[in-house]
Structure formats: structure tokens, C-alpha cells
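For reference, the structure is listed below as C-alpha cells.
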Amino acid sequence: MEAIQAKDRVKVDGKVSWFEVFRRKWVVLFGGFLLLLTLFSAVFAPYLSPHDSRRIDVSIRLQGPTSAHIFGTDDFGRDVFSRVLMGTRISLLVGAAVMFFTSLFGAVLGLLGGYYKSLDNILMRLMDGLMALPAIVLAIALMASLGPSVVNVIISLSIVFMPRTARLIRSVVLVGVEMDYVQAARALGARGFRIMSQHIFPNCIPPLIVQSTFIFAYSILAEASLSFLGVGVSPEIPTWGNIISSGRMFIREAIWITLFPGLAIVVTCLALNLLGDGLRDALDPKMRELI
Amino acid sequence: MQNLLGYIARRILALLPVMGIVATIVFFLIHLIPGDPASVLLGPNAAPSDVLKLRAQMGLDKPLYHQFLLWFSNALQGDLGDSIFLGRSVTRSILERAEPTLVLITLSSIVAILIGIPAGALAAVRPNKWLDKALMFTAILGVSIPTFWFGIMLVDLFSVQLNWLPAAGYSSITSGIWANLRYLILPALSLGFNQSALIARICRSSMLEVMQQDYIRTARSKGLAESLVILKHALKNVMIPTVTVIGTTFAVLIGGAVVTEIVFNIPGIGLLIMNSVLRRDYPVIQGCVLFISVAYVLINLLVDVLYAYLDPRVKY
């Protein structure tokens, strides 16, 4: 076990002090800052774009970065910077939506499985079945059947990543059920729903936060891969994966079309992974064994 | 040994329900298609008689439970149906494409291990010092880079700019190892680097744990050089959890290989899946997904058995 220095502990009387988490962990602060920057770009993308991301001008096609087009132009003469900015919206939308649905369904299934032994076997075998398929392969297969669209990407990736969250929550619940205070609540006559929501679920929140941060990052990478492969978001919508996919034909003459959207993915996922990693160590170092 | 065999038998038994569920999921993939699969497959201009024929050929005119049982019993016998497009059985198409994928995954694993274990061990030598922090930051960066994009960047550097290695393609291993390697160095690098991050992190934390054990203190106190302490006493124990991760990595690489094969145009199972997706050749998609998940599950089983064998403390 790693030695956790006293200054890294952020729990005061057993409660998490979020202020302390952000003050003491520079990675959390740095990751959070990068993420806010991405979020800001996504929200204000239309106002920040120097050009219309759809404007075609073949007279300036495949031009390298200049002051007018800081990320250069693509094969249709469209401004790559504006397109990358617009792509931020899709990536964050998909990431946030998948994070929400996996957390919601994962938490519900994990709680039910961990609490009701009769459900546990069926639910967990189902989760095992889903996890026996490599994430990207299952996502490709689902997209092949559902057809390319933003909504279908969100559905597919939620199905793909949800079992991980369900398994994690279940493992926390299994420990929680044995706790004295849960036994005490039960002895006082509390029923399943109350015990789960009031006594067990609060323990699931820190791992859930950490896990969903990572799922956010996985989803952004997975969406980009699916779009790159042509089975994600329809190609006319500028997403990071789509821009890379279209720029790939021109790597000899215009590497910038591929380079910049990729860097956008790296920065966003780095932000999320740093945040998740820092939060995990700050909230509970023992979580490392779970996530 | 008797115990180990019993353990393996029990594990295989436990896998059966999981594989049953996988097969069910794969079976229903084709029923997720909105509308009638046969008419979707043949496109809007297909003659109704052709649609009926394909429906019959795919067994879609039979009741759902009948289709399911038929598909299931055929799959158990290794018969995954026929490709609509390739004019041969799905099993044969998969086996023909297995070599490039297998070689790619193996090479990527080697890259991941060669980068991951030294990086993890080096980071653990002086925990929380700058080298450790730099390496662990690189590890987080490594999992944040999309492999397909990293692959394209490697092509730009080593094929387009430096002209050292081919940008795409494949040469079978039977026609010479070097010819084969030339095509696979870049794909294996792009895929392996990403996975090395995970190995490095596990290797580091496992190393940190081992270094606090009593036998390490004993080895140090008898005056052994630090390098010998690490190489002779620590590394063996560090390897136990690391082997598990390498196994998981191998399994994860199967998924990564699909994407990497597209980037480098390697005619493996990944390219087969993607071409089948574009041609809407659903039997092949189903077959590949099932094949990959069986491989994935078997590798994980192998890793667990290896783990139990390597670590006598594990009770099975």
C-alpha cells in the first residue's frame, strides 16, 4: 500500500471537504480547470468560432495554419479551428449523457443486485455477459444494428459501460449490507428502499463520482473511435472523430486537419483522467483496488 | 495438481452461463435492426422474391425461439452461418483473417510489457519524486490518447516524413519475419503504448507494496546491493499482479486491434468486421463478435489459472 501523506487527507470528521480536495490536489485543480475550459468552449462554440464551420471555400483548401485560420483549412476550405470547436459540443454531450445513464442504471442495478440476493445472480451474470465483449467491439456491433446517430451512440456506449458501474456499486453495497448501522436500521424496522437510499447509497457516492469521471473520458474516446470508423455520428456533423477520419486522406499534404482534433481529444481526456485520478486518491486511497 | 485441474473445471463450468448470455446478446444484435433485417440487407430496390429468399436462408421466417435454438446449436458446433457477401462460411472467413490479428496483438503486448514494466519499476524506486511523477503523468497521458489518432501520427512521422516504414498493409508471417515486422512495428507501437500505461501503473503500485515487505528489509540488512534486492527478491513478487494485468491487456488489445487494423489497413478480423458493417453482412458481424468474446473469455480464464499456478498463496 502506498504511503498516503497526512496533508493529502481531505476527510474532516468522516465527511468529504470538497474545498480541501481542490485546494490540496494540484492535479484535481489542473484537470478541473482544463475541463471547465473545454466546457466553456462547448457552450460558447458558435460565438468563439472565427468562421462558420460549414462555410466551403475551395480557393483556400488545404491551407496550413495562418493567423486567419489558426488550425488551417480542410479539403473543402472549411476552417478546422471552428470545426474542432463545434466538435467539442458533440464530444461533451455524448460523454456527459453516457456518464449520466451509466451512473443512473449502474447505481440502480448495483444496489438491487447487492441488496437482494435473489436478483444478484441473474443481474451479475447479465453484466458478466456484457463485459465478456470488448467494449469497442460491442459498441461497433450495436451501432451496426442501430445505425449512425448521436442518440444511438449514447445508447450503445451506455449499454457498453454500464456493467462496470453496476459491478462497482454492487461491491460497495455488499460491504455496506454487513455494517452494524445497516443491521441497526433493519432492526428498527427500516425496509429495503429506505436502507438502500439512506444508509447504503451515501457510501457509493465517492466511488461513483470517480468511476463516472473515467467513464466520461472512455466515452469521449469511444465516440471518437466510432465516428472515425464511420459507425458513430453521421459524417456531416463535425465531431473530433469525423474530422480526423476526413483528414486522414490528406496526411501527406495537410496533417493539421488530423493533428488538432486529436489534440482536443487528448486534452479533454487528460483533464478527465487527471481529475478522476486525483479525486480517487483524495476521496479514498483504498478505492484504487476497486476502480 | 489435482486441485488445479478441479479449479480449471469449476471455472469452465462457471463460464457456461456467461457464454450463454453472450450468445443470446449476439443473437439479438440482428433483431435490433429497425424493420425487417432481410429487406434492410438487400436495400430498398430489392425484388420482394429475393427478400423472401434471404429471409428463408437466414431462417427469419421461423418463430423467434426456433431461430434462437437453431442458431445456438449451430454455434456450439462451430457453424456460424454463411456470409451473405463473401460466398463462404463465417467460420472460414474468420479463420482466414485470424493470423494478422493474432500477430498484431502479440507484438502489441510485447511493446506494452517492454515499456510498462521498466517504467513502473523505475517509478517505484523513488516514489513521489520527480521521475515517478513524470512517469505517472505520462501513464495518464497514455490512456488519454486515442490509439487510432496516435497511429496516424506515427505514420506521419515514420512513413511520410522519415520514410522508414510502410504506412499501411500487411505481409504474412509465412513470407518472412522481417517483412511481417516492417508492417507491424507502427501498429504495434500505437496499440502497445496505450496499454503500457496500465501495466506501468499496476507494476508501480505492486512494487511499492512488495518493497515494504519484511523479506526485502532482510535482504537489505544483509548488505545486498539495491539492484540485486530489486532484481532477485522484489521483481518475482511484483510479477504476480502484473501477469494478471498483462492478461487483461491482451484481452483489451483484441478490441484495440479492430480500430488499429482499419488505420493501417491490416487484413485481420477487425477489417473483416468493419467491411461487414459497411456491407451489412450481419452473419459475419455476429460471428466475429462471438469469436472475439470467446477468445476474450478464454484468455481471462488462462490468466486466472496462471495466477493460481504462480502464486501458491491463492486458494482455489
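Chains as they are written, first to last, in our numbering: chain X, 2 to 292; chain F, 51 to 366. Backbone N, C-alpha and C define an ideal beta-carbon position, used for all residues, glycine too.
Item                                                                                                                                                     : Value
Between the alpha carbons of X/L134 and F/L241, how many angstroms are there, rounded?                                                                   : 18 Å
Along the alpha helix (DSSP H) that carries F/V279, what are the first and last residues, could you check?                                               : Note, F/V279: premise wrong, no alpha helix (DSSP H); not H, not E.
Whole-angstrom Cβ separation of F/I304 and F/A247, contact assumed at under 8 Å?                                                                         : Going by Cβ atoms, the distance from F/I304 to F/A247 rounds to 18 Å, so no, they are not a contact pair.
Could you tell me if X/M180 is buried or exposed, where buried requires 16 or more neighbouring beta carbons within 10 angstroms of its beta carbon?     : exposed
Which residues in the same chain have their Cβ closer than 7 Å to the Cβ of F/I323, if we skip the five residues on either side of it in sequence?       : V308, I335 and C338
Report buried or exposed for X/I91, applying the criterion of at least 16 other Cβ atoms within 10 angstroms of its Cβ.                                  : buried
If you compare alpha carbons, which of X/V29, X/L127 and X/W27 is closest to F/I75?                                                                      : X/L127
When you compare each of F/G137, F/L136 and F/W121 to F/L130 by their alpha carbons, which one comes out closest?                                        : F/W121
Within 10 Å of its beta-carbon, does F/S46 have 16 or more other beta-carbons around it, so buried, or fewer, so exposed?                                : Nothing can be reported for residue 46 of chain F: it is not among the residues displayed for chain F, which extend from 51 to 366.
Taking the C-alpha atoms as reference points, what is the distance between F/A269 and X/D282?                                                            : 31 Å
Within 8 Å (strictly less), CB to CB, does X/R10 reach chain F?                                                                                          : Because X/R10 carries a pLDDT of 48, less than 50, the predicted location of this residue cannot be relied on, and the following value inherits that uncertainty. So no, X/R10 is outside the interface.
Using a Cβ-Cβ cut-off of 8 Å, state whether F/A301 counts as contacting chain X.                                                                         : yes
Quick check on this structure: which residue in X/A186, X/N204 and X/A142 has the alpha carbon closest to the alpha carbon of X/I1?                      : In the structure as shown, chain X begins at 2 and stops at 292. Residue 1 of chain X is therefore absent and cannot be evaluated.
Provide the residue span of the alpha helix (DSSP H) that contains F/K103, from first to last.                                                           : P98 to Q107
Using only the alpha-carbon positions, how far apart do F/F187 and F/C253 sit?                                                                           : 15 Å
Closer than 8 Å is the cut-off here; do at least three beta carbon pairs connect the stretch 291-306 of chain F with the stretch 93-105 of chain F?      : no
Quick one: Cα of F/P237 to Cα of F/N325, how far?                                                                                                        : 19 Å
If you measure from the beta carbon of F/L79 to each beta carbon in chain X, is any gap under 8 Å?                                                       : yes
Taking any Cβ of chain F, which residues in the stretch 225-243 of chain X have a Cβ under 9 Å from it, in chain order?                                  : A225, S226, F229, L230, G231, V232, W241 and G242
Could you list which residues in chain F have their beta carbon closer than 8 Å to that of X/A167, in chain order?                                       : None at all; the shortest Cβ gap to chain F is about 14 Å.
Need the endpoints of the alpha helix (DSSP H) that X/V85 sits in, please.                                                                               : V81 to Y116
Which residue spans inside the stretch 213-256 of chain X form an unbroken alpha helix (DSSP H) run of at least 4?                                       : 241-248
According to DSSP, what are the bridge partners of X/T294?                                                                                               : This structure cannot settle anything about residue 294 of chain X, because the visible part of chain X is limited to 2 through 292.
Tell me which residues of the stretch 122-137 of chain X have at least one Cβ-Cβ distance to chain F shorter than 8 Å, keeping chain order.              : R126, L127, D129, G130, L131, A133, L134, P135, A136 and I137
Closest to X/A329 by CA distance: which of X/A218, X/D53, X/A142 and X/V138 is it?                                                                       : This structure does not reach residue 329 of chain X, given that chain X is present from 2 up to 292, and the question cannot be answered.
Report the three-state DSSP secondary structure of X/K8 (helix, strand or coil).                                                                         : Caution is warranted here: a pLDDT of 44 is assigned to X/K8, below 50, making its placement in the model unreliable, and the coordinate value is therefore given only provisionally. DSSP places X/K8 in helix when its eight states are reduced to three.
Give me the Cβ distance between X/D76 and X/F229, rounded to the nearest whole Å; I'm assuming they're in contact under 8 Å.                             : Between X/F229 and X/D76 the Cβ distance is about 16 Å, and since that is not below 8 Å, they are no contact.
Could you check the C-alpha separation between X/F102 and F/W228 for me, to the nearest Å?                                                               : 48 Å
Using a beta-carbon distance cut-off of less than 7 Å, what residues from the stretch 245-279 of chain X approach chain F?                               : I245, R249, I252, R253, I256, T259, G263, I266, V267, C270, L271, N274, L275 and D278
Can you name, in chain order, every residue of its own chain whose Cβ lies under 6 Å from the Cβ of F/L136, other than the five neighbours on each side? : S143
Mind listing, in chain order, the continuous alpha helix (DSSP H) runs of no fewer than 4 residues lying wholly within the stretch 127-171 of chain X?   : 136-147
List the endpoints of the continuous alpha helix (DSSP H) containing F/K183.                                                                             : W180 to S194
Distance cutoff 8 Å, beta carbons only. Does X/L40 sit that close to anything in chain F?                                                                : no
DSSP three-state label for X/S68, please.                                                                                                                : coil
Compare the Cα-Cα distances from F/R329 to each of X/P164, X/S146 and X/A255 and report the closest residue.                                             : X/S146
So what does DSSP say about X/D58, is it helix, strand or coil?                                                                                          : coil
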